[in-house]
Every structure is written in structure tokens, then in C-alpha cells.
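Single-structure report; data block below.
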Amino acid sequence: MARQLTDVILAGLLPLTILVHLYLAPYTKVEESFNIQAIHDTLIHGIPTRNATAFFNSHYDHFTFPGPVPRTFVGAVVMSGLTRPLQIILNLLSPGGVDKFTFQIAGKGHWSKPRGVLGLLNAAALAHFKRAVDTAYGKVAGRWYIVLQASQFHVMFYASRTLPNMFAFSITTLALSNLISAQAVAIRSHKSVKRRRLALYLLTASGIIFRSEIAILLAMQALYLLVQGKTSLMNEVIPAGIFGLIIGLGVTISVDSFFWQRFPLWPEFIGFVYNTIQGKSSDWGVSPWHYYFVNAIPRLLLNPISWSFCIPLALVNRATRKTSLDIMIPLLAFVAIYSVLPHKEWRFIIYIIPGLTGVAAGGASWIWTRRSKSILYRLLSLGLIASTIASFVSSFSLLYISSLNYPGGEALTRLHELVPSEQQTPIRVYMDNLSCQTGVTRFLEKDAGSRFVYDKTEDEKTLLDPAFWQQFDYVLAESPERIIGSWEVADVVHGYSGVGLGNLAGKQDSAPALSTRGFIARPLNKILGVYNEVARVASQKVTGGRWPVVKMAPKIHILKRQE
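Residue numbers (the working numbering): 7 to 569.
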């Protein structure tokens, strides 16, 4: 009975953790902007059946702000399609309808937004991966996998974020799950052959549609299977690759040629040429070859005992060695080859994290099931529990800090609250670059039929023209001194500015309140308030007022035109 209850609780841990991360940090940043804007446009404006070019020019963000290279609409269209029925239901249940941002975040208490749907899809893929860990290492390892995965900040935080990598993440996780399940079977059965083929289909299609680096992961997995004699080049690898190629190209070319009104168009190939062949990605910075191994992977796994003890234990232990090597060799080979590219970001290798966490869970299971056999295993089990609790604390601390890092979204929300409800004349709002990079999206904007008219012009010459500014009633600005005309500061939105020592003798808090509104934030803010009072008293009695503080600084000024 206790084990059944544990399994029920663990089954809900991943989706609940992902949704909590989404709820406490609901805004998005610039790297997510294309897909969240595309989801908005397909969901709110619909997909035209005629005069598509004129319709896109009038209603879709990507025609106004196309970016350096086209990006795929496939993920946005899928999320919009999955969310549309929920939008209809919520609008029927709500007499006044549900506003766009509430729908994106939470409509009438339902987790039914597009980002919530994406988060739940990724949670379902991770739950499916847990079943593969059950098959490979046993049910105890599967339970530890859920706990270790849920305690990792990056996967939980970004699972609901509309990055191309996170659209691909559920597909690559399902592929790896099928490969592990197939590898765990001693004999070459028809079912294992089907699983390998499905995995190769999925990796091929996701690489073609969403992220080109998955091609390296596909190559490493296929090569490892061939070297192991687990598959046939002619009967499995090539047919699976051709099928995935046809499906992937068919989907992306048909969808993206329509939305970009250019035929034929394969966005991910254009992005590959631009970033890799032409080397444009290096403009965003370069890192040493070993960055992924010494920096990114430990940060992604987070729990120090996972990568420093559990994974090595699973590799040296005879009972788990073969399974662990089958999982890790292709994944680490992918990372090693991909490390040749100078520009590196942790999200480019996030597909390997479920696999590494599964291996760590195998090592954790070995320790846990032997905790009653000796004092050493008992101490190791206690260390495993302590390290995992510390990882959860670290993960939620990072979530708290991240929630303070979206001043643009908070500024536009506050502006809507500041404007008098009785004002009937059109209200024109300008939003500057930092505002758009730190939370402003079309989901935050009021509907087209409202009083609000928004502008986010970037042209420097236009911004220097005094006549341009005369049309606006409000401005969201990082630097008020650059805004031409007579303006008064209606409000200032602060954002995260680091962690350090501060003096709590005055009104400064050690931990600022969450800006998120809602039923979860209210009790959390009360807890933060109690902590701040305790910290203030303790600092005065112990450290003379000095105490660790989360620093906040002015980020966005809400300017109102002076009459």
C-alpha cells in the first residue's frame, strides 16, 4: 500500500513541478519570443484560407519582425491546435471570455494555456522515459529517476518554454526511451526492432524540423547500434532514416512555406547554414571545448551526488555496467563531437539529460536497496537523501531568482492596471527593446478591439524624431532620458541585479516579494515576509545589520505623457 501511494505521488511530481515553475515565472524572454508570438497569432487570429500574404502582413508578428533567418511554425501550429479546444471550452464557461494572457497562464484555475500544454507534453515524455528506466534498472531506479529529474532546475523550468529545443525535447526523450527499452531486452525480438525503428524515425524528424544538432545524436545512436550488432544498416537504419526524412521534410516544407509565403522553405536548414556554415552563432560568444563536460552537464544535473558518485557507481558496478554504457556512450559521443562548434549553450545538449539522470538513478537504486546491509550503504543512502533535498532547495531558489528577472512583462501588466478604467480614448503605448526582451509578448497585449494600441519600433533614426514620440500616451523605457518630450514617471519596475551582502537595518528586505499574482504567490509572499523579519532581527543581533540579500535595481520606467 505504501509503495502504491508513493508511486501515485511520484506520478504527479513531474507535471506539478513543471506547472509550478510556469506559474511562478509566467513571462518569457527574447529567445522564446518567435514561438510564443507565433502561437498567439495562429491561436488568436487563426490561419487564413485565402489572401494569406495580406493576412499575415496585417496580423502576424513574424512578417513585421522576421529575424535574421526564418524559423519553423510547426511547433507553434501543433501547440495552437492542441490548445484550441480548451480555449473554446473556457470561453464558454466564462461569461466575459478569458483574456489572452490569463489563458496563456491559467484560465479560471485550469492549467490550459499553450505553454502549460507544452509543459505537460514534456512531463508525459519524461514519465514514459521512467518506464524505460524501470525496464533497464528496476522499479526502485524508476522512482529515483522521477525524484532526481524533478529536482533539476533547468529541465523543470524550461519544459514549458517555447524554445525549439523544448519542442524537440519530448520527441528525443521518447526516442531515447524506446532505445533503452530495446537495448534492455537480451534477445532481438520483433518488439525491440520496432522500438529502434521508431527511435530513429523520431530523431530524424525532430532534427529536420526543430534542431539540426539532433542529426549528430542520431548518427551516434545509429553507429553505436551498428557496432554492437543490434541493428541492420540496410533493414533498419536506412529505411528508418528515409522514412523520418520524408515525414520531417514533408511537414516542415509544407507548413513553413505557407506561413512564410516562400516555396520551398526548410527553415532549420537555413538556420544551420547561417549559424554553423557561416559561423554567425559565434557572434553570441564562444566557449572552450570542454565547456559542456565541466560546466553545462554538472549544472543541468544539479545534484552533485548524481554526477560525482551515482553515475560512476552505475558504470563500475557489474550488474548495471552494460546498460549504463549503452545509454551513455552515444550521448557523450554526441556531446564530444558537438563541442567542436565554438558557440555553446546548455540547451543544445539538453536532450542527453534524461539519459544521464536514468543512469544516475540506476546507481542511486543500487545504494538504496542495500541500505539495511551495512553502515556504509546506510550512510550513502542518507547522503543521497540530503543531496537530493539540497537540490530541490537549490532548484526552487533558482526559480525564485528567475521569477524576478522579467521586468518587461511586469511593467506592461502594471501599466494596464494604472490606466483609469473610465478612459475611453485610444491609449498608445511604446515598448522599448529591454521591455520586449524581458516579458512583453502579444499574449500580454489587450485585444485588438480594446483602447490600447502598441508599438515596438526599433529603427534608431525614427526613435530620434521628436514627432514620433508625440503619438504616445505611455512609454515603457529602460532609459527615460532617451525618450524625447515631456514625461513623468508613473511607476518603476525593479528586476534582479545579483546576490550580495546588504544592510537590513533600514527597509531593505533580504528576499523581495514575488511579483506573480495568484493563489500560490500569496502564501509564498507571506513566507518571504516572515523570513525577512527573522533575517532582520538576526542580522541586527548577530552581524550588525549585514545579511545576504537578493539585490534589485530599476529596470523599466513606466512613463506617462505630461499634460
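C-beta atoms are modelled at their ideal positions from N, C-alpha and C, and glycine is treated no differently.
Which residues DSSP lists as bridging residue i, in chain order
i      : result
His500 : Pro560
Tyr436 : Asp461, Val481
Leu308 : DSSP, once it has assigned bridges, lists no residue as partnering Leu308.
Val587 : Residue 587 lies beyond the range of the chain shown here (7 to 569); nothing can be said about it.
Best match in the options for proximity to residue i [C-alpha to C-alpha]
i      : options                        : result
Ala320 : Ala370, Leu169, Asn281         : Ala370
Thr141 : Val495, Ile24, Thr326, Leu307  : Thr326
Phe159 : Arg305, Ser401, Leu239, Trp553 : Ser401
Asp479 : Lys328, Thr178, Pro426, Pro74  : Pro426
Arg121 : Met162, Arg528, Thr431         : Met162
Pro310 : Phe398, Gln284, Val261         : Phe398
Phe249 : Phe449, Ser39, Leu209          : Leu209
Asn411 : Gly445, Ile395, Thr237, Val233 : Gly445
Arg567 : Leu450, Trp266, Asn301, Gln477 : Gln477
Leu206 : Val292, Lys197, His196, Leu224 : Leu224
Gln514 : Tyr280, Thr59, Asn538          : Asn538
Thr237 : Ser195, Leu421, Lys145, Ile343 : Ser195
Backbone secondary structure at residue i - three-state DSSP
i      : result
Gly250 : helix
Gly115 : Unreliable placement is indicated for Gly115, whose pLDDT of 34 sits below 50; no coordinate value is reported for it.
Trp295 : coil
Trp493 : strand
Trp272 : coil
Gly368 : helix
Leu231 : helix
Arg567 : strand
Asn411 : coil
Gly144 : coil
Arg552 : strand
Leu25  : helix
Asn323 : coil
Asn171 : helix
Asn509 : strand
Gln189 : helix
Ser397 : helix
Leu386 : helix
Pro120 : helix
Lys361 : The identity of residue 361 in the sequence shown is Gly, whereas the question assumes Lys. Helix, per DSSP.
Tyr151 : helix
Ala339 : helix
Phe79  : coil
Asp289 : helix
Tyr66  : coil
Thr431 : coil
Lys35  : coil
Arg377 : coil
Ala517 : coil
Short Cβ contact (8 Å threshold) for residue i with residue j
i      : j      : result
Gly501 : Met437 : no
Ile45  : Ala82  : yes
Ser312 : Leu182 : no
Ala211 : Gly277 : no
Tyr151 : Gly364 : yes
Glu274 : Phe354 : no
Thr34  : Ile24  : no
Thr178 : Tyr298 : no
Ala190 : Arg202 : no
Trp295 : Ser345 : yes
Thr329 : Tyr143 : yes
Ile407 : Val499 : no
Val495 : Val556 : no
Val80  : Val261 : yes
Pro360 : Tyr230 : no
Thr520 : Trp553 : Here residue 520 is Leu; the residue named in the question, Thr, does not match the sequence. Taking 8 Å as the Cβ cut-off, Leu520 and Trp553 do not qualify as a contacting pair.
Leu127 : Ser176 : yes
Thr89  : Val139 : no
Thr463 : Leu469 : yes
Ser387 : Arg377 : yes
Anticipated Cβ contact below 8 Å, residue i with residue j, distance rounded
i      : j      : result
Ala417 : Ser456 : Not really, about 18 Å apart at Cβ, beyond 8 Å.
Ile409 : Thr522 : Correcting the residue type first, residue 409 is Ser in the shown sequence and not Ile. Yes, Ser409 and Thr522 are in contact; Cβ-Cβ is about 6 Å, under 8 Å.
Lys136 : Gly125 : With a Cβ gap of about 17 Å, Lys136 and Gly125 do not count as contacting.
Pro348 : Ser288 : 5 Å
Ala352 : Arg305 : Inspection of the sequence shows that residue 352 is occupied by Trp rather than by Ala. Right, the Cβ-Cβ distance comes to about 7 Å (below 8 Å), so this counts as a contact.
Pro270 : Ile252 : Actually they are not in contact, since the Cβ atoms of Pro270 and Ile252 sit about 14 Å apart, beyond 8 Å.
Ala129 : Ala165 : 7 Å
Leu588 : Ile564 : Summary: the structure shown does not reach residue 588, with the chain confined to residues 7 through 569, and so no result is reported for it.
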